[in-house]
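In the working numbering, the protein residues as written are 12 to 252.
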């Protein structure tokens, strides 16, 4: 009989207090769940992606009934900002216990983020993960307190060091190839978390440039639409929410 991972129960308690019980959607999967981290190994029979890693197997021996995934509704005011923040934190290595995140940064497109590819965004064709987000943690961390996945967002310290500048200018020039990559995605996700309307697609085009100009004007920077070292640092120096 699968039960809530103790560490995710602590996350649930903090979420109930901070954003309201109505946004908790569950840890242990219902009868429609036949695979994945919403089930403890006791309910998984046969090959399953949530049991493919050595860490999963080790965790299954220690916590054979623990379900290790948390679903949270996105109806609270700072939900999208929190999700963008969490993805960035996972990319920086701040939460090594997180196995995957499934959700929507922009409220339209469903996206998958996994530790194997450094939490680079991928398309996702599965169930509805626009109105709610899914977080799974490695099975060997079932007893770890996972409330910091939400707590640190609300208790974050202004002025925290920015991710290192990627070493290239992010700029859009008509007729020239558009910069693409995880550095673009990281900056776009930060702008989204700060309240700007932007698609986190990893492509620095005219819409990203317009957001950069707007941000630069608001913060007394040269409004050229180029994300260089100063704009990059200022982007991550601003408090979220």
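Just so it is clear, CB atoms sit at the ideal spot from N, CA and C, and this is done for glycine as well.
Residue i in three-state terms, based on DSSP
{"i": "residue 12", "result": "coil"}
{"i": "residue 81", "result": "strand"}
{"i": "residue 238", "result": "strand"}
{"i": "residue 35", "result": "strand"}
{"i": "residue 181", "result": "strand"}
{"i": "residue 46", "result": "coil"}
{"i": "residue 70", "result": "helix"}
{"i": "residue 29", "result": "helix"}
{"i": "residue 20", "result": "helix"}
{"i": "residue 197", "result": "helix"}
{"i": "residue 174", "result": "coil"}
{"i": "residue 325", "result": "As shown, the chain starts at 12 and ends at 252. That puts residue 325 outside it, with no answer to give."}
{"i": "residue 232", "result": "coil"}
{"i": "residue 205", "result": "coil"}
{"i": "residue 58", "result": "coil"}
{"i": "residue 75", "result": "coil"}
{"i": "residue 41", "result": "coil"}
Beta-carbon proximity check, residue i vs residue j, cutoff 9 Å
{"i": "residue 204", "j": "residue 17", "result": "no"}
{"i": "residue 64", "j": "residue 160", "result": "no"}
{"i": "residue 4", "j": "residue 213", "result": "Look at the range of the chain in this structure, 12 to 252, and you will see that residue 4 is not part of it."}
{"i": "residue 223", "j": "residue 181", "result": "yes"}
{"i": "residue 144", "j": "residue 25", "result": "no"}
{"i": "residue 105", "j": "residue 164", "result": "no"}
{"i": "residue 112", "j": "residue 101", "result": "yes"}
{"i": "residue 210", "j": "residue 199", "result": "yes"}
{"i": "residue 114", "j": "residue 141", "result": "yes"}
{"i": "residue 78", "j": "residue 39", "result": "yes"}
{"i": "residue 177", "j": "residue 194", "result": "yes"}
{"i": "residue 50", "j": "residue 91", "result": "no"}
{"i": "residue 13", "j": "residue 53", "result": "yes"}
Residue i burial status per 10 Å Cβ neighbour count (16 or more: buried)
{"i": "residue 219", "result": "buried"}
{"i": "residue 108", "result": "buried"}
{"i": "residue 190", "result": "buried"}
{"i": "residue 170", "result": "Note that residue 170 has pLDDT 49, beneath the 50 cutoff, so the model's placement of it is unreliable and no number is given."}
{"i": "residue 248", "result": "exposed"}
{"i": "residue 67", "result": "buried"}
{"i": "residue 56", "result": "exposed"}
{"i": "residue 75", "result": "exposed"}
{"i": "residue 242", "result": "buried"}
{"i": "residue 151", "result": "buried"}
{"i": "residue 236", "result": "buried"}
{"i": "residue 134", "result": "exposed"}
{"i": "residue 43", "result": "exposed"}
{"i": "residue 119", "result": "exposed"}
{"i": "residue 23", "result": "buried"}
{"i": "residue 48", "result": "buried"}
{"i": "residue 233", "result": "exposed"}
{"i": "residue 128", "result": "exposed"}
Bridge-paired residues (DSSP) for residue i
{"i": "residue 191", "result": "214"}
Could you name each continuous beta strand (DSSP E) segment of 3 residues or more that falls completely within the region 85-165, going from the start of the chain to the end? 109-114, 122-125, 132-134, 143-148
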